[in-house]
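Student: One structure follows; several queries about it will come next.
Protein chains: 2
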Amino acid sequence: MQTAHRINELRKAIEAEKLDALLVSSVPNVSYLSGFTGDDSLALISPGRQHIVTDFRYAEQVEQQCPGWQLVVRKDDLWSAVSSEIEGNGVGRLGFESVHLSHRNHGRLAAAVEGVELVPLTGTVEKLREIKDAEEVEKIQAAVRCQEAAFNEVKAWLEPGVTEKEVAREIDDRMRRHGAERFAFETVVAAGERASLPHAQATERVVAKEDTLLIDWGARRFFYNSDLTRVLCLGSVNSKFERIYETVRHAQERALAVIRPGVRFSEVDEAARGYIRERGYGERFGHALGHGVGLEVHESPLVREKNEERLVPGMVFTVEPGIYIPGWGGVRIEDMVLVTARGVQVLSTCDKDLDKLTL
Amino acid sequence: MQTAHRINELRKAIEAEKLDALLVSSVPNVSYLSGFTGDDSLALISPGRQHIVTDFRYAEQVEQQCPGWQLVVRKDDLWSAVSSEIEGNGVGRLGFESVHLSHRNHGRLAAAVEGVELVPLTGTVEKLREIKDAEEVEKIQAAVRCQEAAFNEVKAWLEPGVTEKEVAREIDDRMRRHGAERFAFETVVAAGERASLPHAQATERVVAKEDTLLIDWGARRFFYNSDLTRVLCLGSVNSKFERIYETVRHAQERALAVIRPGVRFSEVDEAARGYIRERGYGERFGHALGHGVGLEVHESPLVREKNEERLVPGMVFTVEPGIYIPGWGGVRIEDMVLVTARGVQVLSTCDKDLDKLTL
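Below, the structure is given as structure tokens:
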């Protein structure tokens, strides 16, 4: 993986904060910067050098995955290994990831590097990760292809009488057969009234004739994630379901229509949310409109009312309005989009017409 | 799930620390105490009451899963929701989980509950979790059964020509078919020399005749995990492999033979490690002998040289000596054990005889 340009960007941030070095403790951030795909390791980046501090288990893997990085294999305590590197490099001001260092480890770090000024940073690497480079977009697209191929097969396979769990298993296995390393998150399969739980885990509930089936699933491919939601209908739907489905679908279309560089996230959110509110379901849409997707399935930016940041080409996020009614059920339609120079590219291609989702 | 006895135990710890309440932020700890299986939620336990602070998405689920708990659905900021509960209950000394609260969230909590004394705790709930109750042991055994059934099927299915990834996919899918919710961790399949990477991810490497194949896999069932490792041999093995395999196997037997209540973890570790050292491979066994398994696949206690704690009935952990030689390969044999009143029960039943692992 080409990561030199990412480290160059990060060094600008290090310079802006007047740091002598930055300690990166978030697993996906370490992976983003170095290409290393294991865990339990730290990256230490200074203007002239970059180290990965890991343990015996990962030494060989770091050497294979991270050319240009100095490997530090800790013997025992992580913080004394970090401290040796820091002292050997004359660091006076050390940045750390405030969100990704526990209260406990912050105390240990402070004790290990006594005299070094610790500077809490939040979102520094995450901010870089918001904008995907071409290689990242390709990996995300590959993940979307795996998950869509699986979904289309399962749509053909699905019949009343199977359980939610069987549907989830079938999707997951087929994503793997299409090249996914794994599911991006535990596949949600929620029949009928269970769809009012936005994060319903699949159960032994049998899918019946005339049921609706909310499926929220995603693949991980080349360590990048994807995330979509569709609702399938087994047999004809009633008018209430259709009204709610079309409301959600129209809300999503409104949001997609406003996406282009320079627009605020809050405006994208409001395009969908305002429409759902107008239609009388404002109280039934309790989550953000979307979230960034990349090395993590939920990452920055968050597409929500309070985010006044502006869209930038290269951002990839979900657009997923929903309406949830306890005791009745729920509808969510989720797609993934890429902000382009002039507008938006929807990365997912699964059908959204209700008649094409009706089996 | 019956969790009242767990909360009673925790209340003793709260009393011992002279706390007015404890804020639990670790997802598995919240799950252990309350039965809630979602995430992004906090538990607040005081002598007389217990709250779960969650968001819209999980409100219905908490009500279903946590009878006896007070549900707090936060509107927006988590810390102001926590602060309202704390102020409403006259809390002066509040414990928090130092390992499971980020530096950043600790700062936010401190700002939200100004005037409340924050007391960092480590391992309080984890310590309770070390000793499994009968329901937990049953769930772990169910996970072991899923993973063993899958392994035995894959052993029959396996032939030269498949890739590591195909083997991993096959194991994972079969675990699901046998009832697992998911894999406990990304299944490790490492052919030949790749087995020297203790955490090798499965690749497109084709498994050849005469290859050895290290498989480290686990299932999650009813939210409890299991974790085993075996090495399969495709065809006859050479004498070096056999010598190393038998060394690891014998090391494991030595460790199993000393497990009983009252023995120190360090003694269990040394029983295996000392033997490997005697045989000249001391430098090739770089990790701990084992780890607790339960709601997390890696949890307390750690079976290692420096752990002077003593074994107690109800503890469940792995025993997994290994020898890794870069460029040549590796052998690890991992089983799961339960400490009983008088000794040890090995929870896993997969063959370990080299001739039964040779296809």
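Top to bottom, those sequences are chains A and B.
Note that our numbering has the first sequence beginning at -1, numbered continuously upward.
Note that our numbering has the second sequence beginning at -1, numbered continuously upward.
The beta carbon of each residue, even a glycine, is placed where N, CA and C say it ideally should be.
Keep in mind it's a predicted model, so treat the numbers as computed, not measured.
(1) Is the shortest distance between the beta-carbon of S81/A and the beta-carbons of chain B less than 8 Å?
(2) Identify, in the order they occur along the chain, each residue of the same chain with its Cβ nearer than 7 Å to the Cβ of I321/B, setting aside the five sequence neighbours on each side.
(3) For V335/B, which residues in chain A fall below 8 Å Cβ to Cβ?
(4) Measuring CB atoms only, is the stretch 126 to 138 of chain A touching the stretch 155 to 170 of chain A, in the sense that at least three cross pairs come out at less than 8 Å?
(5) Please report whether the beta-carbon of V97/B lies at a distance below 8 Å from any beta-carbon of chain A.
(6) Leaving aside the five residues before and after P118/B along the sequence, list all residues of the same chain whose C-beta is less than 6 Å from its C-beta, in chain order.
(7) Indicate whether at least one CB of chain B lies closer than 8 Å to the CB of T161/A.
(8) So, is the C-beta of L20/B closer than 8 Å to a C-beta in chain A?
(9) If you follow the alpha helix (DSSP H) that L254/B is part of, which residue opens it and which one closes it?
(10) Taking the beta carbon of A2/B as the centre, do at least 16 other beta carbons fall within 10 Å, making it buried, or is it exposed?
(11) May I have a chain-ordered list of the alpha helix (DSSP H) segments no shorter than 4 residues that lie completely inside the stretch 21 to 91 of chain A?
(12) Is it buried or exposed, S100/A, if we count other Cβ atoms within 10 angstroms and call 16 or more buried?
(13) Quick one: is P158/A near chain B, going by C-beta distance under 8 Å?
(14) Quick check on the burial criterion: 16 or more other C-beta atoms within 10 angstroms. Buried or exposed for E306/B?
(15) Take the Cβ of S224/B as the centre, count every other Cβ of all protein chains shown within 10 Å, and call the residue buried at 16 or more, exposed below.
(16) From the beta carbon of P118/A, is the nearest beta carbon of chain B less than 8 Å away?
(17) Name, please, each residue of chain A whose Cβ falls closer than 8 Å to the Cβ of T35/B.
(18) Can you confirm whether the stretch 192 to 200 of chain B touches the stretch 135 to 155 of chain B when touching is taken to mean that 3 or more C-beta pairs between the two stretches lie within less than 8 Å?
(19) Terminal residues of the continuous alpha helix (DSSP H) containing A217/A?
(20) Using C-beta distances below 7 Å, list every residue in its chain close to L226/A, excluding the 5 sequence neighbours before and after it, in chain order.
(21) Label G36/B either buried or exposed according to how many other C-beta atoms from any shown protein chain fall within 10 Å of its C-beta, with 16 as the threshold for buried.
(22) Report the residue from E7/A, L17/A, H289/A, F183/A whose alpha carbon sits nearest the alpha carbon of S44/A.
(23) Can you name the residues of chain B whose CB is closer than 8 Å to the CB of G272/A?
(24) On the premise that V51/A lies in contact with A79/A, defined as a C-beta separation below 8 Å, what is that separation, rounded to the nearest angstrom?
(25) Using a Cβ-Cβ distance under 8 Å, would Q59/A count as near chain B?
(26) Would R340/A and R258/A qualify as a contact pair, given that the criterion is a beta-carbon distance under 8 Å?
(27) Would G292/A count as contacting chain B if we go by Cβ distances under 8 Å?
(28) Which class does C144/A belong to by DSSP, given the choice of helix, strand or coil?
(29) Using the rule of at least 16 other Cβ atoms within 10 Å of the residue's Cβ for burial, across every protein chain shown, is S298/B buried or exposed?
(30) Under 7 Å, CB to CB, which of the residues in the stretch 179 to 191 of chain A have a partner in chain B?
(31) Give me whichever residues DSSP pairs with R308/A in a beta bridge.
(32) So, for A141/B: in the same chain, excluding its five sequence neighbours on each side, which residues have a beta-carbon less than 8 Å away from its beta-carbon?
(33) Of all Cβ atoms in chain A, is any one closer than 8 Å to the Cβ of S39/B?
(34) If you check the beta carbons only, do I84/B and V114/B fall under 8 Å apart?
(35) Using the beta-carbon count (16 or more within 10 Å), is N6/A buried or exposed?
(36) Should P299/B be flagged as near chain A, meaning a C-beta pair shorter than 8 Å?
Tutor: Let's see:
(1) Taking the first residue of the first sequence as position 1, residue 81/A is located at position 83. Judged by the 8 Å Cβ criterion, S81/A is not in contact with chain B.
(2) Looking up residue 321/B in the second sequence gives position 323. Same-chain partners within the cutoff: I242, T245, V246, I274, Y279, R282, F283, G328, V329.
(3) As a working mapping, residue 335/B is identified with position 337 in the second sequence. By Cβ distance, chain A contributes nothing, its closest Cβ being about 22 Å from V335/B, past 8 Å.
(4) no
(5) Working through the second sequence from its first residue, we reach residue 97/B at position 99. So yes, V97/B belongs to the interface.
(6) Translated into the one-based positions of the second sequence, residue 118/B becomes position 120. Cβ within range, chain order: S96.
(7) Walking along the first sequence from the start, residue 161/A turns up at place 163. For T161/A, the answer is no, since every Cβ of chain B falls outside 8 Å of its Cβ.
(8) Locating residue 20/B in the second sequence gives position 22, counting from the first residue. Chain A contact via Cβ: absent.
(9) The residue given as residue 254/B occupies position 256 in the second sequence. 237 to 256 is the extent of the alpha helix (DSSP H) around L254/B.
(10) Along the second sequence, one-based indexing puts residue 2/B at 4. With fewer than 16 Cβ atoms within 10 Å of its Cβ, A2/B is classed as exposed.
(11) 25 to 32, 57 to 63, 76 to 86
(12) Looking up residue 100/A in the first sequence gives position 102. Buried, because 16 or more other Cβ atoms sit within 10 Å of the Cβ of S100/A.
(13) Here residue 158/A refers to the residue found at position 160 when the first sequence is read from its first residue. Answer no: the Cβ-Cβ gap between P158/A and chain B never drops below 8 Å.
(14) Along the second sequence, one-based indexing puts residue 306/B at 308. So E306/B counts as exposed.
(15) Locating residue 224/B in the second sequence gives position 226, where the first residue counts as 1. Flag for S224/B reads buried.
(16) Reading the first sequence from its first residue, position 120 is the one you call residue 118/A. Judged by the 8 Å Cβ criterion, P118/A is in contact with chain B.
(17) For the purposes of this step, residue 35/B is taken as residue 37 along the second sequence, with counting starting at 1. What T35/B touches in chain A: Q199.
(18) no
(19) On the first sequence, residue 217/A is found 219 positions in, with the first residue counted as 1. Annotation: A217/A is outside any alpha helix (DSSP H); the continuous beta strand (DSSP E) that includes it extends over 217 to 219.
(20) Along the first sequence, one-based indexing puts residue 226/A at 228. Excluding sequence neighbours, L226/A sits near Q145, W215, G216, E332, D333, M334, S346, C348.
(21) Position 38 of the second sequence, counted from the start, is the residue given in the question as residue 36/B. The residue is buried, with at least 16 neighbouring Cβ atoms inside 10 Å.
(22) On the first sequence, residue 44/A is found 46 positions in, with the first residue counted as 1. Here the closest residue by C-alpha is L17/A.
(23) Residue numbering aside, residue 272/A sits at position 274 when the first sequence is read from its first letter. Simply none; closest approach about 19 Å.
(24) In the first sequence, residue 79/A corresponds to position 81, counting from 1. In the first sequence, residue 51/A corresponds to position 53, counting from 1. That pair is a contact at about 5 Å.
(25) Taking the first sequence and counting its residues from 1, one reaches residue 59/A at position 61. Interface residue, yes.
(26) Locating residue 340/A in the first sequence gives position 342, counting from the first residue. Locating residue 258/A in the first sequence gives position 260, counting from the first residue. Closer than 8 Å, so yes.
(27) Position 294 of the first sequence, counting from 1, holds the residue named residue 292/A. The beta carbon of G292/A does not come within 8 Å of any beta carbon belonging to chain B, so the residue lies off that interface.
(28) The sequence position of residue 144/A within the first sequence is 146, counting from 1. Three-state DSSP puts C144/A in a helix.
(29) To locate residue 298/B, count along the second sequence from 1; it is residue 300. Looking at its Cβ environment, which holds 16 or more other Cβ atoms inside 10 Å, S298/B is buried.
(30) Per Cβ criterion, the list reads R180, E184.
(31) For the purposes of this step, residue 308/A is taken as residue 310 along the first sequence, with counting starting at 1. Under the DSSP definition of a beta bridge, R308/A partners with R262/A.
(32) Stepping through the second sequence from its first residue, residue 141/B is reached at position 143. These residues qualify, in order along the chain: A178, A182, G216, A217, R218, R219, F220, Y222, N223, S224.
(33) Within the second sequence, residue 39/B is the residue found at index 41, counting from 1. By this cut-off, S39/B is not an interface position.
(34) Here residue 84/B refers to the residue found at position 86 of the second sequence. Here residue 114/B refers to the residue found at position 116 of the second sequence. A contact, by the Cβ cut-off of 8 Å.
(35) Translated into the one-based positions of the first sequence, residue 6/A becomes position 8. The residue in question, N6/A, is exposed, as its Cβ has fewer than 16 Cβ neighbours within 10 Å.
(36) Sequence index remark: in the second sequence, residue 299/B carries index 301 (1-based). No - not a single Cβ of chain A is within 8 Å of the one on P299/B.
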